[in-house]
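Here is the structure we will look at, set down as structure tokens.
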Amino acid sequence: MWMLRRILAKMASLKVLKLFLLTLSPFVCFPLLIQGEVVHITVLAIGYTNVDTDSNPQFQCYRSEPDRNASLSFDRSAPITTDRSPPVHEPHSDEQLFLRVVRFPEGDGWDSDGFGPFYCEASKHDRDVTRVTTFFQRNDAKFISSDDLFTKTVNVNDTGVMFSMTSRSNPDESDNVITWMKDGSEVLTSFDGQTQISFPNPIQTSDQGIYEIYYDNERNQNRGGLYRLIVRECPAGKWGPPECYGICDKCYNGGVCDDKSGLCICPNNFKGPNCLEICRTSGGNRFGLNCEFRCSYFGDAPTQCHGFLFCLPDPYGCSCGVGARGLACITLCTIGTYGPGCSQTCHCANSSCDIYSGICAEGCQTGWSGDNCQIPDECEYGYYGSQCTDKCHCLNDEPCDKDTGECPEQKCALGYTVDSGQVKCQGKI
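Residue numbers for the sequence shown follow full-length UniProt numbering, beginning at 1 and rising by one.
Written as structure tokens, this is what we have:
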């Protein structure tokens with residue numbers, strides 16, 4: 001099924017896809033809602049926390065195989081105080097034609113106009129257009145995110161969604177109240193005076209957007225804070241809106257399921273259909289779909305990717321590279337955590353793991369296995385197999401036997417059945 005989806009995902013044109021499905025219609029007995037695979041690009045932001053003082057703030061857009069010939073465009077993701085387009089992108093070098101760079105030059109107003117969200121957009125005739133947004137703020141910003149992040153990814157119909165910002169300095173005038181704006185145009189008066197936004201339950205796709213916080217009458221200083229909320233169009237673990245019948249590939253090590261294709265988008269230093277393959281066990285100087293790129297080619301120290309903001313296609317968003325955390329991505333993970341933004345939990349016998357790979361030097365805790373002890377003995381609902389990556393397809397999403405995949409009473413989800421001589425539910429194509 002994974003290989004079939006990979007093939008279909010490349011047929012991103014809905015017209016082509018519909019014709020293809022029509023040819024299969026006598027044999028297809030379950031919903032097949034492929035929207036297309038993303039164009040594989042990675043955006044790295046450098047000097048992003050101090051665009052006003054850094055000597056060379058820039059963002060870099062990398063194209064992975066098989067998308068190195070994708071067309072690229074660059075602009076602002078939202079008009080934050082200005083709609084000034086970013087400087088013209090340029091190649092990094094004759095040897096790295098897969099890479100384009102946008103540099104903010106010193107002077108010419110970019111110490112202020114460089115504040116805001118910017119994107120690299122990639123297009124290819126057989127793929128969906130893919131936009132990746134990154135962020136730049138000033139060193140003297142009056143607001144920063146309380147969780148040291150620029151993005152948060154949630155699922156449609158999630159409850160209890162909120163985020164907050166931290167005020168770093170007072171307003172110039174006492175009556176300049178805290179103000180929120182969404183996508184550079186919609187003033188959110190209901191949150192005046194607050195540093196936190198709590199969304200009504202349940203969360204909706206219309207809540208997705210770039211949120212800006214600033215003091216009233218001071219917005220043009222470009223010293224506000226930015227936060228992007230990404231809302232997957234399906235519930236957790238599901239893909240294929242609007243019905244969302246598909247079960248996501250199981251994503252490990254901080255990978256995120258693409259709600260349009262069901263495929264995993266992996267963080268740097270991890271790859272493969274389930275983000276289980278570790279690119280480098282002793283450091284994080286690797287990224288890209290196949291870990292083919294390096295943050296530095298002049299050295300291979302474990303910390304080479306520290307200080308960079310990694311942004312990937314939605315619904316992944318942005319994070320620090322593996323082994324680092326904090327808004328500037330220069331703080332090492334604490335004991336017991338690893339991975340992108342130190343967001344993953346170690347499951348080692350001694351509670352300590354490598355901060356870049358999650359590998360445990362002294363083996364796994366009871367109940368865990370795998371190269372970096374991330375595979376549970378008891379699979380999550382909907383999955384089975386030695387790595388918990390096979391899918392059950394049971395009626396009402398009931399759990400199946402971890403070893404055989406057999407559903408309770410062999411009752412299958414819509415479009416699946418148990419073939420003669422078999423025990424697990426199989427899709428009928």
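Glycine included, C-beta positions come from ideal geometry on N, C-alpha and C.
Values in this document were obtained by computation on a predicted structure and should not be read as measured data.
Is the number of C-beta pairs between the stretch 369-377 and the stretch 294-309 that are closer than 8 Å three or more?
no
When you compare only the Cα positions, how much space is there between G321 and E218?
On the sequence shown, position 321 is the one that residue 321 refers to. On the sequence shown, position 218 is the one that residue 218 refers to. Going by the C-alpha atoms only, they are around 33 Å apart.
Classify I247: buried if its beta carbon has 16 or more other beta carbons within 10 angstroms, exposed otherwise.
The residue you call residue 247 lines up with position 247 of the sequence shown. Buried is the call here.
By Cβ distance, which residues of its chain are closer than 6 Å to Q387, with the 5 residues on each side in sequence left out?
Within the sequence shown, residue 387 is the residue found at index 387, counting from 1. Counting only Cβ-Cβ distances below 6 Å, and skipping sequence neighbours, we find I375.
Buried or exposed by the 16-neighbour rule on C-beta atoms within 10 Å, applied to T49
Taking the first residue of the sequence shown as 1, we reach residue 49 at position 49. With 16 or more Cβ atoms within 10 Å of its Cβ, T49 is classed as buried.
Could you tell me which of Y245, N222 and K238 sits nearest to C264, measuring between CA atoms?
The residue labelled residue 264 in the question sits at position 264 within the sequence shown. Measuring from the Cα of C264, the nearest candidate turns out to be K238.
Near C279, which residues of its chain fall below 7 Å by C-beta distance, leaving aside the five closest residues on each side in sequence?
On the sequence shown, position 279 is the one that residue 279 refers to. Correct list, in chain order: N269, F270, K271, R286 and C291.
Presumed contact (8 Å Cβ cut-off) between F150 and F118, rounded CB distance:
One-based indexing of the sequence shown puts residue 150 at position 150. One-based indexing of the sequence shown puts residue 118 at position 118. That pair is no contact at about 12 Å.
Could you pull out every residue in the same chain whose Cβ sits closer than 6 Å to the Cβ of A70, ignoring the five residues on either side in sequence?
For the purposes of this step, residue 70 is taken as the residue at position 70 of the sequence shown. Within the same chain, A70 has close Cβ partners V39, R63, A122 and K124.
Paired residues, beta bridge with I278 - DSSP:
Position 278 of the sequence shown holds residue 278. DSSP lists F270 as partners of I278.
I213 and M162 - do their beta-carbons sit closer together than 8 Å?
Reading the sequence shown from its first residue, position 162 is the one you call residue 162. Reading the sequence shown from its first residue, position 213 is the one you call residue 213. In this structure, I213 does not lie closer than 8 Å to M162 by Cβ.
Step through the CB atoms of chain D and report whether any lies within less than 8 Å of the CB of S319.
In the structure shown, chain D cannot be found, because there is only a single protein chain.
Looking at G116: is its Cβ nearer than 8 Å to the Cβ of I80?
Walking along the sequence shown from the start, residue 116 turns up at place 116. Walking along the sequence shown from the start, residue 80 turns up at place 80. Taking 8 Å as the Cβ cut-off, G116 and I80 qualify as a contacting pair.
Alpha carbon of G405 to alpha carbon of T53, nearest angstrom:
In the sequence shown, residue 405 corresponds to position 405, counting from 1. In the sequence shown, residue 53 corresponds to position 53, counting from 1. Taking the straight line joining both Cα atoms gives about 57 Å.
Going by DSSP, what residues sit across from C257 in a beta bridge?
Sequence index remark: in the sequence shown, residue 257 carries index 257 (1-based). DSSP, once it has assigned bridges, lists C264 as partnering C257.
For the ligand FAD, is there a heavy atom less than 7 Å away from the beta-carbon of N274?
This structure lacks the ligand FAD; in fact it carries no ligand of any kind.
Proximity below 8 Å, CB of P57 to CB of F136
Position 57 of the sequence shown holds residue 57. Position 136 of the sequence shown holds residue 136. Closer than 8 Å, so yes.
Which residues bound the beta strand (DSSP E) around S167?
Reading the sequence shown from its first residue, position 167 is the one you call residue 167. Element bounds for S167: M162 to S167.
In three-state terms, what does DSSP make of S206?
Stepping through the sequence shown from its first residue, residue 206 is reached at position 206. Reduced to three states, the DSSP call for S206 is helix.
Which value, in whole angstroms, describes the spacing of the CA atoms of D419 and G427?
Within the sequence shown, numbered from 1, the residue matching residue 419 stands at position 419. Within the sequence shown, numbered from 1, the residue matching residue 427 stands at position 427. Cα to Cα, D419 sits roughly 10 Å from G427.
Quick check: what's the CA-CA separation for T179 versus Y211?
In the sequence shown, residue 179 corresponds to position 179, counting from 1. In the sequence shown, residue 211 corresponds to position 211, counting from 1. Between T179 and Y211, the C-alpha separation is close to 10 Å.
Which same chain residues end up closer than 8 Å to G193 when comparing Cβ atoms and leaving out the 5 residues on each side of it in sequence?
Position 193 of the sequence shown holds residue 193. The residues are V177 and I178.
Measuring CA to CA, which of H393, Y381, A413 and Y227 is closest to P399?
Taking the sequence shown and counting its residues from 1, the one referred to as residue 399 is at position 399. Per the Cα distances, Y381.
Rounded to a whole number of angstroms, what is the C-alpha to C-alpha distance between D126 and Y316?
The count along the sequence shown starts at 1 and reaches residue 126 at position 126. The count along the sequence shown starts at 1 and reaches residue 316 at position 316. About 22 Å.
Could you please give me the residues that DSSP links to A413 through a beta bridge?
Taking the sequence shown and counting its residues from 1, the one referred to as residue 413 is at position 413. For A413, which the question treats as bridged, DSSP gives no partner whatsoever.
Sequence-distant residues of its chain with Cβ nearer than 8 Å to S25 (five each side left out)
Sequence index remark: in the sequence shown, residue 25 carries index 25 (1-based). Note that S25 has pLDDT 37, beneath the 50 cutoff, so the model's placement of it is unreliable and the number below is only indicative. Taken in chain order, the list of residues that qualify is empty.
Per DSSP, which one or two residues make a beta bridge with G321?
Along the sequence shown, read from residue 1 onward, the residue named residue 321 stands at position 321. Partner(s): none; G321 has no beta bridge.
Rank D207, S169, N201 and A328 by C-alpha distance to the C-alpha of T195 and give the top, closest one.
Residue 195 sits at position 195 when you count from the first residue of the sequence shown. Looking at the Cα atoms, S169 is the closest of the given residues.
Report buried or exposed for P267, applying the criterion of at least 16 other Cβ atoms within 10 angstroms of its Cβ.
Within the sequence shown, numbered from 1, the residue matching residue 267 stands at position 267. By the 10 Å Cβ count, P267 comes out buried.
What's the gap between the Cα of L4 and the Cα of Y245?
Counted from its first residue, the sequence shown places residue 4 at position 4. Counted from its first residue, the sequence shown places residue 245 at position 245. Note that L4 scores a pLDDT of 46, beneath 50, so its modelled location is shaky and nothing firm can be said.
Distance, Cα to Cα, S85 vs T133?
In the sequence shown, counting from the first residue as 1, residue 85 sits at position 85. In the sequence shown, counting from the first residue as 1, residue 133 sits at position 133. Looking at the two C-alpha atoms, the distance is approximately 14 Å.
Whole alpha helix (DSSP H) elements within the stretch 109-174, 4-residue minimum:
110-113
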